[in-house]
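Using the working numbering, you'd call the opening residue of the sequence shown number 886 and step up by one each time.
Ideal Cβ positions, reconstructed from N, Cα and C, are used throughout, including at glycine.
Below is one structure, written out as structure tokens; the observations come after it.
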Amino acid sequence: MSDQNQFTLTVNGAKATVTCQAGMRLSEVLREELHLTGTKIGCNAGDCGACTVLVDGEPVCSCLMTLAKADGCHIETVESLANGL
Ligand code: FES
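Below, the structure is given as structure tokens:
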């Protein structure tokens, strides 16, 4: 039996559905599943801030947030700042 589930996020204004393990880090989902590599991974421990994204308008270290916690949230990555350039 698979331990993966389906999760839906709104990322930079677009709905994104991913099928992953619930405990996967949001930073990994953004980079590996959604190919948004502007979100960097440094310490992977909540210390450096390289992975910061906005979750429902609040800055969050995405390396500390699980996919399950992010389910249904609005995520903004640094790529959102490039719109219109
Ligand atoms: S990678 Fe350093 S705070 Fe997340």
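#### Entry: Outcome for Ala-955 when other beta-carbon atoms lying within 10 angstroms are tallied against a minimum of 16
Sequence index remark: in the sequence shown, residue 955 carries index 70 (1-based). With 16 or more Cβ atoms within 10 Å of its Cβ, Ala-955 is classed as buried.
### Message
For a test of the three-state rule: what should DSSP assign to Ala-907, helix, strand or coil?
### Response
Taking the first residue of the sequence shown as position 1, residue 907 is located at position 22. Ala-907 falls in the coil class under three-state DSSP.
### Query
To which residues does DSSP link Val-896 through a beta bridge?
Here the question's residue 896 lines up with position 11 in the sequence shown. Bridge partners of Val-896: Ala-899 and Ile-960.
### Message
Less than 6 Å separating the Cβ of Ile-926 from some heavy atom of the ligand FES?
### Response
Looking up residue 926 in the sequence shown gives position 41. True, at least one ligand heavy atom lies under 6 Å from that Cβ.
### Query
What did DSSP end up calling Cys-948 once you bin it into helix, strand or coil?
For the purposes of this step, residue 948 is taken as residue 63 along the sequence shown, with counting starting at 1. Cys-948: helix per DSSP, three-state reduction.
### Query
Between the Cα of Leu-949 and the Cα atoms of Ala-935, Cys-958, Lys-925 and Asn-929, which residue gives the shortest distance?
Position 64 of the sequence shown holds residue 949. Taking only the C-alpha atoms, the option nearest Leu-949 is Asn-929.
### Query
Helix, strand or coil: which one does DSSP assign to Leu-966?
Counting from one through the sequence shown, the residue named residue 966 turns up at place 81. If DSSP states are grouped into helix, strand and coil, Leu-966 belongs with the helices.
### Query
Is the Cβ-Cβ distance between Thr-924 and Val-938 less than 7 Å?
For the purposes of this step, residue 924 is taken as the residue at position 39 of the sequence shown. For the purposes of this step, residue 938 is taken as the residue at position 53 of the sequence shown. Their beta carbons are under 7 Å apart, which means Thr-924 touches Val-938 by this criterion.
### Task
State the Cα-Cα distance for the pair Val-914 and Ser-965, rounded to the nearest angstrom.
Numbered from 1 along the sequence shown, position 29 holds the residue referred to as residue 914. Numbered from 1 along the sequence shown, position 80 holds the residue referred to as residue 965. When rounded, the distance between both Cα atoms is 16 Å.
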